[in-house]
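*Asks:*
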Amino acid sequence: MERKMNHLEEQYYQTEMKPVLQEVQKELLKKLVEQEEQLKKQTFQSIEALSEKIRAVQNQQEYKVAFLHFTPLQIGFWQDTYEIAVTAYSKAWYQETGVHESYYVPYLYEKLTESKVEFRKSIQKYVGKIRKSSIDYYLLEEYYSYNQYFIYFFMKWFLQLEEAECFQKLPKESNVLVTWGAYKDKARIVYAYDESEKSQEMFHQLLLKQDPAKLLFTNWNGMEIQHAVVEYKNMSGISFKKTRLQDIKFEQSFLVGANFKNSELKDCTFVNCDLKMSDFTGCTLWQVCFINCELTEVLWKDAVFHDVEVQTGESVKKIQEERYV
271 MERKMNHLEE QYYQTEMKPV LQEVQKELLK KLVEQEEQLK KQTFQSIEAL
321 SEKIRAVQNQ QEYKVAFLHF TPLQIGFWQD TYEIAVTAYS KAWYQETGVH
371 ESYYVPYLYE KLTESKVEFR KSIQKYVGKI RKSSIDYYLL EEYYSYNQYF
421 IYFFMKWFLQ LEEAECFQKL PKESNVLVTW GAYKDKARIV YAYDESEKSQ
471 EMFHQLLLKQ DPAKLLFTNW NGMEIQHAVV EYKNMSGISF KKTRLQDIKF
521 EQSFLVGANF KNSELKDCTF VNCDLKMSDF TGCTLWQVCF INCELTEVLW
571 KDAVFHDVEV QTGESVKKIQ EERYV
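The numbering used here puts the sequence shown at residues 271 to 595.
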């Protein structure tokens, strides 16, 4: 529920807090980039620690993970420890507390910690007209607004999570959802593991659904999919790993963090698609065209191009025969 602020509190936020918090946000992004490997290492170590705890539980009862939820703990914000909790749940998540692990990332929030102290000092001159609880509310809202950045990095790191040893060791169901968010009911998916059997017919049926997000974080690995037009869909996190795609037209669609690793694409076209952070590692592309697509941070390692065209505005780059190293 939104907190009701008095006029002076709102004015203080706009003139005193907001400019400082914009700088705090810039510093956080800088730290996330600089400390990315450290944060990634801690994250994967937390999954490893969870695996050990769950294997210990299995000595008493069978326990398979169906959900992994990462969350920035509010108590970590208040205590300046900035604790991230990861909780594993089984399919019976609604009647259990889960298995827990956590790690600390105060090195990302040094400027936020300093700002908290300064804001609380500076309101003293207003003699109670600006409540400390209101300042804390603004700060907590700012803290939770950073979730969008963590979602981005977690999607990036977890693109091939099923290949990570820590995840392979994890006792799990054939379907696992990994999420990030301050609250479980408001979490965002950052990875989906799915070993269930799929068919080309199922893919075509989902394309007919009115809901543009029906393909979000779905898995179509090791298949052959032909002759389809994909328009105005949100397919972020979709996986076509080791899949043969032929005569597919993707248009006006989101494929952020899409997984094409070791796939073969033939006679495919991407038009006005967002492919940020997608993985084409080890792909073979035959007569594939990218027209006005967002290709930031796309992975092309060991991809092989045969008559590939990349068009941006009036600029056209043609790649006849090339292996990307």
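The C-beta atom is built at its ideal place from N, Cα and C for all residues, glycine as well.
In terms of residue numbering, what span does the alpha helix (DSSP H) encompassing A319 cover?
*Replies:* Here residue 319 refers to the residue found at position 49 when the sequence shown is read from its first residue. Element bounds for A319: 306–327.
*Asks:* Taking the straight line between their C-alpha atoms, what separation do you get for F560 and L476?
*Replies:* As a first step, residue 560 must be located in the sequence shown, where it is residue number 290. As a first step, residue 476 must be located in the sequence shown, where it is residue number 206. Using only the alpha carbons, I get a separation of about 24 Å.
*Asks:* So does K402 have its beta carbon nearer than 7 Å to some heavy atom of the ligand ADP?
*Replies:* Ligands in the displayed structure: none, and consequently the ligand ADP is not present.
*Asks:* Between the Cα of S533 and the Cα atoms of V541, K546, V526, T551, which residue gives the shortest distance?
*Replies:* Against the sequence shown, residue 533 aligns to sequence position 263. Nearest of V541, K546, V526, T551 to S533, Cα basis: T551.
*Asks:* With burial defined as no fewer than 16 other Cβ atoms inside 10 Å of the residue's Cβ, what is the status of W490: buried or exposed?
*Replies:* Here the question's residue 490 lines up with position 220 in the sequence shown. Counting Cβ neighbours within 10 Å, W490 comes out buried, since at least 16 surround it.
*Asks:* V290: which of T383, V327, K484, K519 sits nearest, CA to CA?
*Replies:* Translated into the one-based positions of the sequence shown, residue 290 becomes position 20. Checking every option, the nearest Cα to that of V290 belongs to T383.
*Asks:* Name the DSSP bridge partner or partners of V356?
*Replies:* To locate residue 356, count along the sequence shown from 1; it is residue 86. Bridge partners of V356: F340, E371.
*Asks:* Under the three-state reduction of DSSP, which class applies to I561: helix, strand or coil?
*Replies:* Here residue 561 refers to the residue found at position 291 when the sequence shown is read from its first residue. I561: strand per DSSP, three-state reduction.
*Asks:* Excluding sequence positions up to five away, which residues of its chain have a Cβ less than 8 Å from the Cβ of H277?
*Replies:* Residue mapping note: residue 277 aligns to position 7 of the sequence shown, counting from 1. If we look at H277 and ignore the five residues flanking it on each side, it has no Cβ neighbours.
*Asks:* So for M271, helix, strand or coil by DSSP?
*Replies:* In the sequence shown, counting from the first residue as 1, residue 271 sits at position 1. In this predicted model, M271 has a pLDDT of only 48, less than 50, meaning its place in the structure is not dependable; the value taken from the coordinates is given anyway. Reduced to three states, the DSSP call for M271 is coil.
*Asks:* Using the three-state DSSP reduction, which class does L535 fall into: helix, strand or coil?
*Replies:* Locating residue 535 in the sequence shown gives position 265, counting from the first residue. Strand.
*Asks:* Mapping the DSSP letters down to three states, classify R401 as helix, strand or coil.
*Replies:* Reading the sequence shown from its first residue, position 131 is the one you call residue 401. Coil at R401, not helix or strand.
*Asks:* Which residues does DSSP list as the beta-bridge partners of I589?
*Replies:* On the sequence shown, position 319 is the one that residue 589 refers to. Its beta-bridge partners are V578.
*Asks:* Determine whether the beta carbon atoms of A358 and L338 lie at a separation below 8 Å.
*Replies:* Numbered from 1 along the sequence shown, position 88 holds the residue referred to as residue 358. Numbered from 1 along the sequence shown, position 68 holds the residue referred to as residue 338. Yes, the Cβ-Cβ distance between A358 and L338 is below 8 Å.
*Asks:* V526 and K546 look like a contact to me (Cβ under 8 Å); what is the Cβ gap, rounded to whole Å?
*Replies:* Numbered from 1 along the sequence shown, position 256 holds the residue referred to as residue 526. Numbered from 1 along the sequence shown, position 276 holds the residue referred to as residue 546. Right, their Cβ atoms sit about 5 Å apart.
*Asks:* Note down the Cα distance separating Q596 from D544, rounded to an integer number of angstroms.
*Replies:* Any answer about residue 596 is impossible in this case: the structure gives the chain only from 271 up to 595.
*Asks:* Which residues in the same chain have their Cβ closer than 8 Å to the Cβ of I486, if we skip the five residues on either side of it in sequence?
*Replies:* By 1-based counting over the sequence shown, the position of residue 486 is 216. Checking the displayed sequence, the identity of residue 486 turns out to be Leu instead of Ile. Within the same chain, L486 has close Cβ partners I459, N504, M505, S506, G507, I508.
*Asks:* Looking at the secondary structure, which residues open and close the alpha helix (DSSP H) in which E635 lies?
*Replies:* Because the chain is modelled from 271 through 595, residue 635 falls outside the range shown and cannot be assessed.
*Asks:* Tell me, to the nearest whole angstrom, how far the beta carbon of P441 is from that of Q308; I am working on the premise that it is less than 8 Å.
*Replies:* Position 171 of the sequence shown, counting from 1, holds the residue named residue 441. Position 38 of the sequence shown, counting from 1, holds the residue named residue 308. With a Cβ gap of about 28 Å, P441 and Q308 do not count as contacting.
*Asks:* Name the residue from A319, K361, N542, M425 whose alpha carbon lies nearest to the alpha carbon of W450.
*Replies:* The count along the sequence shown starts at 1 and reaches residue 450 at position 180. Of the candidates A319, K361, N542, M425, the one whose C-alpha sits nearest the C-alpha of W450 is M425.
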